[in-house]
Every structure is written in C-alpha cells, then in structure tokens.
Amino acid sequence: MVGLILPFSKFFHEVLDFYEIHALHLAPNAMMTLAIFAHLCEMFVGVRPTMRLFQSFLVPQLLQGAVGGGCYFQPRQGVAGQYIDSHLRKKWEDWKKDWFYTALPDRPRLRLPTGPPERSAAWLAVSELGEEYDAVRDRLKGLQS
C-alpha cells in the first residue's frame, strides 16, 4: 500500500512512538507524507529524517471516530515557502479493500489498535530548529525555486 516497504525505518517507528499512534491509525496520505518526507531528507537535502525536523513542518490531524486510517499529517501554519508543497490525492477510493496482513516484529505500535488515535498536547508542540538546521532550511528553500 502506498509504497509501504518492510522492514519499517527507525524514523517510522519514532513517529509512531512520539505521537503514540499505531501504524493502522495512519491514513494512506499519512503514509505518503512520511515516505515523501524521508525521501526528501535523504535524497535531496542530504540528512537523515528526524522527528525534530518532521515536527517543525508537519502536524497530525484526526478524522473523528476513525480507528483505521484516522490520522494524517498536514503542514503547520506558517511553514509556506519553508517546506515543499505536496499535492496528494484527496480521497483514496476503497483503500481498505487492498489491505493485507503480514508477520511483523512484535512492536507495540505495529499491533492492532484497540481504539482511535487520541490527540495529545505533544502533537501541537513546535520543535524550533536552531542554527544547526540553517543549511537544511536553505536547501529546502532552494528546492522550491
């Protein structure tokens, strides 16, 4: 689904752990957003994807009451021009019919969730990027032009 490749990266697990969500909570566009972010960092900016960098540009949102696929990411307010514009599909028709099951390592965030994701104050916290990220910011701005 959406280019999902096993085993999952350290960054993927960091996102799940930080936001206290399960993999099945993520909507298809959330998977795309994570994959795009990781690819952007590694291939175009030349850095490893980190939670600090991810959190400075994107914030999770919830679809009310949805257990599977109820969490997605959108750009934070005020990051226009600092991060790439992404044009994802508005709707993934019947995406759940393409769902599959596979054996995974026993990690808590990869287990079936018992309910929908729950928002926490940590979701909205902004991770300020210090001077050590100036080169990353410059590279991202250069990709915009």
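Heads up: the sequence shown at position 40 corresponds to 22 in our numbering, and the numbers run straight through without jumps.
Note that CB positions come from ideal geometry on N, CA and C, so glycine has one too.
Quantities reported herein were computed from a predicted structural model and do not represent experimental measurements.
By alpha-carbon distance to C53, the top candidate from L16, G28 and A20 is L16.
P10: member of the alpha helix (DSSP H) spanning P10 to H21, first to last residue. Three or more beta-carbon pairs separated by less than 8 Å link the region 58 to 65 to the region 32 to 45, which places the two stretches in contact. In the DSSP assignment, Q43 is bridged to Y54. Bounds of any alpha helix (DSSP H) do not take in D88, whose DSSP letter is neither H nor E. Membership of F26 in any alpha helix (DSSP H) is not indicated, and neither H nor E is assigned to it by DSSP. Annotated three-state conformation of A103 is helix, per DSSP. One thing to note: L94 has its Cβ within 8 Å of the Cβ of L6. Counting C-beta atoms within 10 angstroms of its own C-beta, F(-6) has 16 or more neighbours from the protein chains shown and is therefore classed as buried. For A117, the three-state secondary structure derived from DSSP is helix. Straight-line spacing of the CA atoms in L111 and G97 works out to 33 Å.
Excluding five sequence positions before and after P99, the CB atoms of its chain that fall closer than 7 Å to its own CB belong to I3, H7, L44, G52 and C53, given in chain order. With respect to the 8 Å criterion, R91 and D(-1) are classified as neighbours on the basis of their beta carbons.
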